[in-house]
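Structure, as structure tokens:
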Amino acid sequence: MATVSDQLPPGEDPSLLTEEVHDPRRRDFFNIAAVSFAGAGAVAIVLPLVNQMSPSADVLAQSSTEIDLSKIRPGQAIKTQFRKQPLFVRNLTPAEIAAADHVALSDLRDPETLEQRTRGGHKNWLITLGVCTHLGCIPLGAAEGENRGQFGGYFCPCHGSQYDTAARIRKGPAPKNLTVPPYTFTSPTTVTVG
Numbered sequence: 042m043a044t045v046s047d048q049l050p051p052g053e054d055p056s057l058l059t060e061e062v063h064d065p066r067r068r069d070f071f072n073i074a075a076v077s078f079a080g081a082g083a084v085a086i087v088l089p090l091v092n093q094m095s096p097s098a099d100v101l102a103q104s105s106t107e108i109d110l111s112k113i114r115p116g117q118a119i120k121t122q123f124r125k126q127p128l129f130v131r132n133l134t135p136a137e138i139a140a141a142d143h144v145a146l147s148d149l150r151d152p153e154t155l156e157q158r159t160r161g162g163h164k165n166w167l168i169t170l171g172v173c174t175h176l177g178c179i180p181l182g183a184a185e186g187e188n189r190g191q192f193g194g195y196f197c198p199c200h201g202s203q204y205d206t207a208a209r210i211r212k213g214p215a216p217k218n219l220t221v222p223p224y225t226f227t228s229p230t231t232v233t234v235g
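Per this note's numbering, the sequence shown starts with residue 42, numbered consecutively.
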């Protein structure tokens with residue numbers, strides 16, 4: 042059996058050999074300390090990056106819009122804003138509802154019923170973004186006396202797109218209906234968009 046002194050190079054004094062004693066708890070402490078320091082550094086770098094990607098207070102304030110419907114008479118529409126885009130809110134008359142329901146879905150480029158475009162069982166309240174789906178112009182028809190086009194809804198003066206009373210595209214180059222944003226009725230006379 043070979044001893045430690047047998048493995049020494051020639052001329053080495055075996056009495057000078059010292060055995061190193063390693064304390065495993067000390068080594069573990071240094072490993073844990075190094076990993077903790079690196080983790081704290083990573084958090085210090087990542088946290089500001091994540092915070093700067095979060096929406097600011099002014100953006101959060103614009104993320105929803107509350108609308109009082111009590112002053113909008115049947116047949117009347119208003120223009121307001123939602124996330125810096127025009128928003129049309131229209132109180133449809135029974136005749137406008139009937140006209141929208143009378144259209145066969147096969148006649149529509151982007152087939153949707155009026156019921157699919159309204160929420161909460163309030164078929165008379167049509168809420169859409171006021172942005173033409175062709176090139177982003179603002180259609181006419183929300184204000185009193187504006188041209189509503191051949192189908193009684195909205196008319197885009199830029200390229201002639203015409204929408205019906207359910208804001209569905211009926212004529213012109215627009216490929217889709219006016220967009221219906223997410224909204225909920227918070228009371229019989231109040232709606233929150235967003």
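Cβ coordinates follow ideal geometry from the N, Cα and C atoms, glycine included.
Bear in mind the structure is a predicted one, so any value in this text is a computation, not a measurement.
Using the Cβ count rule (16 or more neighbours within 10 Å means buried), how would you classify Ala206? Taking the first residue of the sequence shown as position 1, residue 206 is located at position 165. Looking at the sequence shown, residue 206 is not Ala but Thr. It is buried - the Cβ of Thr206 has at least 16 other Cβ atoms within 10 Å.
Sorted by chain position, which residues of the same chain lie with C-beta nearer than 7 Å to Thr159's C-beta, five sequence neighbours on each side aside? Start at 1 with the first residue of the sequence shown, and residue 159 comes out as number 118. Excluding sequence neighbours, Thr159 sits near Trp166 and Leu167.
Could you name each continuous alpha helix (DSSP H) segment of 4 residues or more that falls completely within the region 77-136, going from the start of the chain to the end? 98-102, all fully within the region 77-136.
Please report the straight-line C-alpha distance between Ile73 and Val91, rounded to a whole angstrom. The sequence position of residue 73 within the sequence shown is 32, counting from 1. The sequence position of residue 91 within the sequence shown is 50, counting from 1. If you draw a straight line from the Cα of Ile73 to the Cα of Val91, it comes to about 26 Å.
Specify the secondary structure class of Ile179 as computed by DSSP and reduced to three states. Here residue 179 refers to the residue found at position 138 when the sequence shown is read from its first residue. Three-state DSSP puts Ile179 in coil, outside helix and strand.
From the DSSP output, in three-state form, read off Asp142 for me. Numbered from its first residue, the sequence shown carries residue 142 at position 101. If DSSP states are grouped into helix, strand and coil, Asp142 belongs with the helices.
Thinking just about the alpha-carbon of each residue, which of Cys178, Ile108 and Ala75 is nearest to the one in Tyr224? By 1-based counting over the sequence shown, the position of residue 224 is 183. For Tyr224, the nearest C-alpha among the options comes from Ile108.
Near Gly213, which residues of its chain fall below 8 Å by C-beta distance, leaving aside the five closest residues on each side in sequence? For the purposes of this step, residue 213 is identified with residue 172 of the sequence shown, where counting begins at 1. Cβ neighbours of Gly213 beyond the five flanking positions: His175, Cys197, His200, Gly201, Ser202 and Gln203.
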